[in-house]
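Chemist: Residue numbers (my numbering): 5 to 495.
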Ligand code: SAM
Ligand code: SF4
């Protein structure tokens, strides 16, 4: 979600006539987008801001640097750095891909955009801003610690970004967007999309659950859903622009509540998106077990375009720990949701998130988490050591688990899951899957892509151009995290 927020923020700036550049030196606007789910992100942001103190010779080029984290899921705990400069006359509209992986497009050093001449903000001629969770948590305190920062904006206020940037361009020294009690969603006319085939779409923002370890309800505010018609219009536009896969996003995507008179349920929305002409794959993440029902499984069964993959975070296999986490379901209730998927007419890949070392987690609780792995047989697990976060109820809970013990449990869990995945993946040898090709190796004839169930497949094909195509790949061998295959045809 954080990545997609950055895509939308970049889109807002592109629409105002900015474009991405290679280095901070060339930039007129430098924004940090942060996620503080687990890490000491605030500390890291201030250290990065230190590098941007207006002694301009100290500036270094940084683009999209993931921070070291315990988990393997790549969209959390990241600071993203967008370096942007001004140019004349960008037109609103969906821009497919202008730059991948933070590699920026060139920009003329000289710009005659009128707004550029007016910038007199705190960053020595540059707009330096902090966005996301750390902005929300630290608020105006950021100005005190880094007086060269001129923009602080939490994710619940991104809607205001164009106005905030306009105020800075007009000469305001400092601006903030820190409301979380907003009922607005962040819809933009233009989003700079980094993946040319898969487009992300936030359908619900914020979170109304109150898991005792989680900062999201504080940093992203309450749940706000987008109107179904607006979502479907955007999917239509994306299909027309050439995207064949869409991924619907939300912290609890299946808690979607259509605010319009149409009152579409999440499963109905999924089905409607699946029917948009040109869309070949529909993904959605993250689902909350409480709001996961049979209707979603039925939608997957009825629409081959809806991918056969569900990410259903469990967090722990122990009902006692789930209660302490305020997850609103027991182990047994969670397993009922799993049973719905296992009974589906086509196999559904299931992945999850888990936290080890939550305060008070006993050895027996941890063993229940391990036995859940055996019982569910997940296709992938993102496992994290519990990390105490500001403002969260679990911060004050007794019986903290030492870091070393958390590390031990994490290693045991990951070993157990690796073995489960090795066995599961080996069973696919000989099967043929439809793969969307999204990578080309430097080695000749080597390609990679994803199956509908989101497995990574590395395969051989003598074809010259396959990127963005859907092909049939037969699996010839398997590893715990990927399959190896050979292309046997086009789809
Ligand atoms: N809303 C989703 C849900 O309920 O599962 C996930 C949101 S969160 C951004 C992604 C994952 O980060 C969570 O599923 C959880 O495993 C992990 N996480 C969140 N807070 C954490 C914390 N304080 N310590 C460790 N892991 C945490
Ligand atoms: Fe955080 Fe829980 Fe909301 Fe997920 S459901 S974002 S873990 S509070």
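For glycine and all other residues, C-beta sits at the position ideal for the given N, C-alpha and C.
Measure the alpha-carbon distance for residue 248 versus residue 234 and round it to whole angstroms.
Modeler: Residue 248 and residue 234 have their alpha carbons spaced roughly 18 Å apart.
Chemist: Looking at the ligand SF4, does it come within less than 7 Å of residue 315, judged from the CB to the closest heavy atom?
Modeler: Residue 315: no, Cβ never under 7 Å from the ligand SF4.
Chemist: For residue 141 and residue 159, which I take to be in contact (beta-carbon distance under 8 Å), what is that distance rounded to the nearest angstrom?
Modeler: Going by Cβ atoms, the distance from residue 141 to residue 159 rounds to 11 Å, so no, they are not a contact pair.
Chemist: Between the stretch 316–333 and the stretch 472–479, are three or more C-beta pairs nearer than 8 Å?
Modeler: With a cut-off of 8 Å, the stretch 472–479 and the stretch 316–333 do not count as touching, because too few Cβ pairs lie within range.
Chemist: Give the single residue among 487, 393, 405 and 458 whose Cα lies nearest to the Cα of residue 216.
Modeler: 393
Chemist: Mind the definition here: the stretch 372–386 touches the stretch 412–432 only if three or more C-beta pairs lie below 8 Å; say whether that holds.
Modeler: yes
Chemist: Return the chain-ordered list of same chain residues with a C-beta closer than 6 Å to the C-beta of residue 94, the five sequence neighbours on each side being excluded.
Modeler: Caution applies to residue 94, whose pLDDT of 31 falls short of 50 and renders its modelled position unreliable; the value that the coordinates give is listed next. The beta carbon of residue 94 sits closer than 6 Å to the beta carbons of 18 and 21 from its chain, once the five residues preceding and following it are set aside; these are given in chain order.
Chemist: Spatial neighbours of residue 294 within its chain, please: C-beta separation below 7 Å, excluding the five flanking residues on both sides.
Modeler: Its chain contains 332 and 333 as the residues whose beta carbon lies nearer than 7 Å to that of residue 294, once the 5 sequence neighbours on both sides are disregarded; these appear in chain order.
Chemist: For a minimum of 3 consecutive residues, which ranges assigned as the beta strand (DSSP E) are wholly contained in the stretch 277–333?
Modeler: 285–289 and 313–315
Chemist: Can you have a look at residue 457 and say buried or exposed, based on whether 16 or more other CB atoms are within 10 angstroms of its CB?
Modeler: buried
Chemist: The ligand SF4 and residue 255: does any heavy atom of the ligand fall closer than 7 Å to the residue's C-beta?
Modeler: yes
Chemist: So, using beta-carbon positions, are residue 315 and residue 355 closer together than 8 Å?
Modeler: yes
Chemist: At a cut of 8 Å, does the stretch 437–449 reach the stretch 398–417 through at least three beta carbon pairs?
Modeler: No contact exists between the stretch 437–449 and the stretch 398–417.
Chemist: Using only the alpha-carbon positions, how far apart do residue 486 and residue 479 sit?
Modeler: 10 Å
Chemist: Roughly how far, in whole angstroms, is the beta-carbon of residue 134 from the beta-carbon of residue 38, given that I think they are within contact range, below 8 Å?
Modeler: With a Cβ gap of about 7 Å, residue 134 and residue 38 count as contacting.
Chemist: Could you check what DSSP says for residue 362 in three-state terms: helix, strand or coil?
Modeler: coil
Chemist: Can you have a look at residue 466 and say buried or exposed, based on whether 16 or more other CB atoms are within 10 angstroms of its CB?
Modeler: exposed
Chemist: Thinking residue 557 and residue 277 are a contact (beta carbons under 8 Å), I'd like their distance in whole angstroms, please.
Modeler: In the structure displayed, the chain extends from 5 to 495; residue 557 sits before or after that span and is not available.
Chemist: Taking 7 Å as the cut-off, does the CB of residue 385 come closer than this to any heavy atom belonging to the ligand SF4?
Modeler: Answer for residue 385: no, Cβ out of range of the ligand SF4.
Chemist: Quick one: Cα of residue 167 to Cα of residue 195, how far?
Modeler: 17 Å
Chemist: When the Cα atoms are used, what is the spatial distance from residue 10 to residue 391?
Modeler: The alpha-carbon of residue 10 is positioned some 24 Å away from that of residue 391.
Chemist: Please indicate yes or no: does the CB of residue 220 lie closer than 7 Å to some heavy atom of the ligand SAM?
Modeler: yes
Chemist: Between residue 183 and residue 264, what straight-line distance do the alpha-carbon atoms span, to the nearest angstrom?
Modeler: 24 Å
Chemist: Can you pull the DSSP bridge partners for residue 357?
Modeler: Under DSSP, residue 357 shares a beta bridge with 386.
Chemist: Where do the N-terminal and C-terminal ends of the alpha helix (DSSP H) with residue 223 fall, by residue?
Modeler: 220–224
Chemist: Does DSSP classify residue 144 as helix, strand or coil?
Modeler: Residue state, collapsed to three classes: coil.
Chemist: Taking the alpha carbon of residue 421 as the point to measure from, which residue in 388, 484 and 35 has its own alpha carbon closest?
Modeler: 484
Chemist: Going straight from the alpha carbon of residue 33 to that of residue 274, what length do you get?
Modeler: 37 Å
Chemist: Could you tell me the distance, in whole angstroms, from the CA atom of residue 311 to the CA atom of residue 489?
Modeler: 20 Å
Chemist: Less than 6 Å between C-beta atoms, sequence neighbours within five positions excluded: which residues of the same chain meet that for residue 362?
Modeler: Sequence-distant partners of residue 362 (beyond 5 residues in either direction) whose C-beta falls short of 6 Å from its own C-beta, in its chain, are 325 and 390.
Chemist: Is there contact between the stretch 302–310 and the stretch 282–289, where contact requires at least three CB pairs shorter than 8 Å?
Modeler: Touching, yes, given that three or more Cβ pairs across the two stretches are closer than 8 Å.
Chemist: State the beta-bridge partners of residue 157 as determined by DSSP.
Modeler: Answer is 135 and 181.
Chemist: Just mark residue 366 as buried or exposed, buried being the case when its beta carbon has 16 or more other beta carbons within 10 Å.
Modeler: exposed
Chemist: Short check: CB of residue 206 to CB of residue 136, under 8 Å?
Modeler: no
Chemist: Cα separation between residue 446 and residue 476?
Modeler: 21 Å
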